[in-house]
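If you count by our numbering, then the sequence shown holds residues 765 to 1082, one letter each, in order.
Each remark here refers to the structure printed beneath this line.
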Amino acid sequence: MSQTVASGLLILGIFVTLGIVAGMLYSPAQTWIASTPQSISKIKKNFAAIEEPLTVLDRAEEELDKAAPTATPEPTVEVSVKKPRILDRSVLINKTGRFLAFIAAVAVLTFFMLSSGDDLLNRVLNVLPDEHSRHELLQKIGDIQESVGKYLAQITFINIGLGIVVSLVMWAIGMPTPVLWGVLATLFNFIPYVGALAATAFVFMAAASTFDTLWRAVLTAVAFWSITAIEGQFVTPSILGKTLRVGPVIVLIAVAFWGFLWGIPGIFVAVPLLIVQRKVFASFELTYPLAAVLGEDACQVGQECDPIKEDKAIAETA
C-alpha cells in the first residue's frame, strides 16, 4: 500500500469516527438548544426563593420613596432595545461553517504532510553543510516527535478517562444525556484553568433547568467540579510531571491569541500548541530562553547553572 493511500485511509477513518460521535451527540445537543426558553424560565423559578428577600427590600424601598416628598419629575421617553437571543440560529450556522472550514483545512494539510513523507525533511538536511549537523538535527527532531507524541497521547487518554468518569457520575446523579456532559468535560479539559470553570457553569445551568430544587443543581455542579479538580491536581501531575508546568498568565495569553486567530478551534488547541512550541524551543540552544519563559527548567540538561530564586529576584529588583 502506498503512503498516499495509507494517509488517505487514516484521515478517512479519523473523520468517520468523529462523524459517528458527532451524530450520536447531535440530537441531545439540539434538544438542549431547543429547550433554552423553557430552561431559562425554570432557572428563574428555582432562583425565586433566593430573590424573595431582595424583592421584599425593593418593595420597602418603593414605599419609602412614595412617602417622601419629591419634585415633579420630568417626562421621560422609554426606549426599548431588542436584545439578540443567546443562541441565535444564524450565529450558530455561521460558527459551524467556520469550524467545518477549519477542520477541512486541517485535514487537507495533514493529508499532504503525511503523503509527502520525508521530502521536506530531506530538503532541509540537504542544506546543512556536514554529516554531523544532519545527524544532530535528526536526533533533535526525533526527540521532539517522541516527547510531543507522548504528551498528546497521555493528555488525550487522561481527558477521555475524565469524560467517562463524568458520564458515569452524571448518570448516577440523574442528569439527562450524561454522555454529552462527558464529552463536554473531555473537550474543555484541554483548556487548563478556564476550561473546568466554563464546563462547570454549563453543567450548573443545565442542572438548574432540569431539577426542581436548586440544591440538586448545586450538588451536580459541585460533583462535576470535584472530578475535574481531582484530575487536575493529582492525576494529570502524577502522569505528565513537569510537562504541564505552565503559568496561568501564559495559558490565558495563548488561549486569547489562538482564539482570536482561529476562533473556537483555536481555544481548544492553544495549550497543546503551547506545549509543542516549548518542546521545540527547548531542543535548540538559541531558543532555549523562550522555552524557559514558557515553563521549561531554567538550566539546560548537562549544563551547570545557579538559577535565581523567584523571591530573591523580586527582592533584588525592588
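C-beta atoms are modelled at their ideal positions from N, C-alpha and C, and glycine is treated no differently.
Asked, Found
"Element boundaries [alpha helix (DSSP H), containing LEU978]", "978–994"
"Collapsed DSSP secondary structure at LEU736 in the structure displayed", "The chain is shown from 765 up to 1082; residue 736 falls before or after that span and cannot be answered."
"C-beta contact flag for VAL947 and LEU789 at 8 Å", "yes"
"Where the alpha helix (DSSP H) through SER911 begins and ends", "895–937"
"ILE937 and THR984 closer than 8 Å at C-beta", "yes"
"Touching by the beta-carbon criterion (3+ pairs, under 8 Å), the region 985–1001 and the region 926–935", "yes"
"Spatial distance of GLY777 from ILE784 (CA atoms)", "11 Å"
"Own chain residues within Cβ distance below 6 Å of ILE850, not counting five before or after", "Residue placement at ILE850 is poorly supported in this model, since its pLDDT is 47, which falls under 50; the coordinates are not used for a value here."
"Three-state class that DSSP yields for ILE850 in the structure shown", "Note that ILE850 scores a pLDDT of 47, beneath 50, so its modelled location is shaky; the value from the coordinates is reported in the next line. ILE850 falls in the coil class under three-state DSSP."
"Beta-carbon gap between THR941 and PRO792 smaller than 8 Å", "yes"
"N- and C-terminal bounds of the alpha helix (DSSP H) containing GLN1041", "1028–1046"
"Burial state of PHE921 (16 or more Cβ within 10 Å)", "exposed"
"The alpha helix (DSSP H) enclosing PRO1053, as first and last residue numbers", "1052–1057"
"Three-state class that DSSP yields for LEU892 in the structure shown", "coil"
"Coil, strand or helix - ILE955 by DSSP", "coil"
"Collapsed DSSP secondary structure at SER973 in the structure displayed", "helix"
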